[in-house]
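**Student:**
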Amino acid sequence: AQSVSQHNHHVILSEAASLELGCNYSYGGTVNLFWYVQYPGQHLQLLLKYFSGDPLVKGIKGFEAEFIKSKFSFNLRKPSVQWSDTAEYFCAVRPGANNLFFGTGTRLTVIP
Amino acid sequence: NAGVTQTPKFQVLKTGQSMTLQCAQDMNHNSMYWYRQDPGMGLRLIYYSASEGTTDKGEVPNGYNVSRLNKREFSLRLESAAPSQTSVYFCASSESQGARGNTIYFGEGSWLTVV
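Protein sequence lines correspond, in order, to chains A and B.
Sequence positions in the first sequence follow the numbering used here and run 9 to 120.
Sequence positions in the second sequence follow the numbering used here and run 762 to 876.
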């Protein structure tokens, strides 16, 4: 079955460490790619999105993601995390003209 | 603009009871969605409405019904609640369904417990 995979379920980092969260998808053809963040007790907010063009996209709060078409990946990165980045991160893929499909999420805990 | 608002925020139901989750958006979006979020499962689409007057099933529609009351409002109804429907429900909207360049905006969630 086609899917969105986030292999890291829970990541624990110290402040100032670098972050990379993996996202792989199995849909073929043209895809739109998204990363959403959900802070504790809050709704999902868009971090960044890729539709076309430069495969390295920059989002809010210092996050960026790189689309590698050959690897069907859209990994999220941040050079130096802060305690306030503690949240759950969801990768989402829209294949073609279809609806949005989400990964299972990665919980990030940043230790001060 | 309030964005996407949904009510109630918290609800406890007994098995077999019915209830309706209300959702409204003030962004003049054509498409609206209902998702449920469960631990380890991510978000799964229950129903969506590509435009006013249309509704379609998503990944997990069983046990739910929806109504697109008008362009602004999209309600989700549980006719006979079951413990398996204990979840966090998110309403969302976007300018149009499936079009390139569209971002989906989410409401704050409704925590539903069925006992």
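Note that beta-carbon positions come from the ideal geometry of N, C-alpha and C, so glycine has one too.
1. Residues in the stretch 44-76 of chain A with C-beta within 9 angstroms of chain B's C-beta atoms, listed in sequence order?
2. Is any non-hydrogen atom of the ligand NAP found closer than 6 angstroms to the C-beta of W795/B, if you look at the structure I gave you?
3. Thinking just about the alpha-carbon of each residue, which of L54/A, F82/A, L55/A, S78/A is nearest to the one in L64/A?
4. For the putative contact between F851/B and F867/B, defined by C-beta atoms under 8 angstroms, what is the C-beta separation to the nearest angstrom?
5. Give the DSSP-derived three-state secondary structure of G803/B in the structure shown.
6. Quick one: which chain B residues come within Cβ less than 7 angstroms of G113/A?
7. What does F110/A reach in chain B if we use C-beta pairs closer than 7 angstroms?
8. Does the beta carbon of F771/B sit closer than 7 angstroms to a beta carbon anywhere in chain E?
9. So is N16/A in contact with chain B if we call contact Cβ pairs under 7 angstroms?
10. Bridge partners of F109/A, per DSSP?
11. Decide if the stretch 84-91 of chain A is in contact with the stretch 20-37 of chain A; the criterion is three or more beta carbon pairs, one per stretch, under 8 angstroms apart.
12. State whether the stretch 815-828 of chain B contacts the stretch 769-780 of chain B, with contact taken as three or more CB pairs (one from each stretch) at a distance under 8 angstroms.
13. What do you get for Q50/A, buried or exposed, if any count of 16 or more other CB atoms within 10 angstroms of its CB means buried?
14. Using only the alpha-carbon positions, how far apart do F71/A and Q778/B sit?
15. If you count every other CB in all the chains shown that lies within 10 Å of the CB of I68/A, and 16 or more means buried, which is it?
16. Report all residues from its chain with a CB closer than 6 angstroms to the CB of T874/B; omit the five preceding and five following residues, and keep chain order.
17. P103/A and V39/A look like a contact to me (Cβ under 8 angstroms); what is the Cβ gap, rounded to whole Å?
18. Between which two residues does the beta strand (DSSP E) carrying L717/B extend?
19. Could you pull the start and end residues of the beta strand (DSSP E) that E28/A belongs to?
20. Can you list the residues of chain B that F98/A reaches, using a CB-CB cut of under 8 angstroms?
**Tutor:** This is what the structure gives:
1. Near chain B, meaning a CB-to-CB distance below 9 angstroms, the residues of the stretch 44-76 of chain A are Y44, Q46, G49, Q50, H51, L52, Q53, L54, K57, F59, S60.
2. Inclusion of the ligand NAP in the displayed structure is not the case, the ligand content being empty and no account of it being possible.
3. Out of L54/A, F82/A, L55/A, S78/A, F82/A has the C-alpha closest to the C-alpha of L64/A.
4. At roughly 5 angstroms, the Cβ-Cβ gap stays under 8 angstroms, so F851/B and F867/B are in contact.
5. Note: G803/B maps to strand in three-state DSSP.
6. Per Cβ cutoff of 7 angstroms: G803.
7. Those within 7 angstroms of F110/A in chain B are G803, L804.
8. In the structure shown, chain E does not exist; the protein chains are A and B.
9. Closer than 7 angstroms: no.
10. Its beta-bridge partners are V101/A.
11. With a cut-off of 8 angstroms, the stretch 20-37 of chain A and the stretch 84-91 of chain A count as touching, because enough Cβ pairs lie within range.
12. These segments do not touch.
13. Here Q50/A is exposed, its C-beta having fewer than 16 other C-beta atoms within 10 Å.
14. Straight-line measurement puts the Cα of Q778/B at about 44 angstroms from the Cα of F71/A.
15. Exposed: under 16 other Cβ atoms inside 10 Å.
16. Contacts found: V773, T847.
17. That belief holds up - the Cβ atoms of P103/A and V39/A are roughly 5 angstroms apart, short of 8 angstroms.
18. The requested residue 717/B does not occur in the structure, where chain B is confined to residues 762 to 876.
19. Element bounds for E28/A: 27-29.
20. Those are G803, L804, listed as they occur along chain B.
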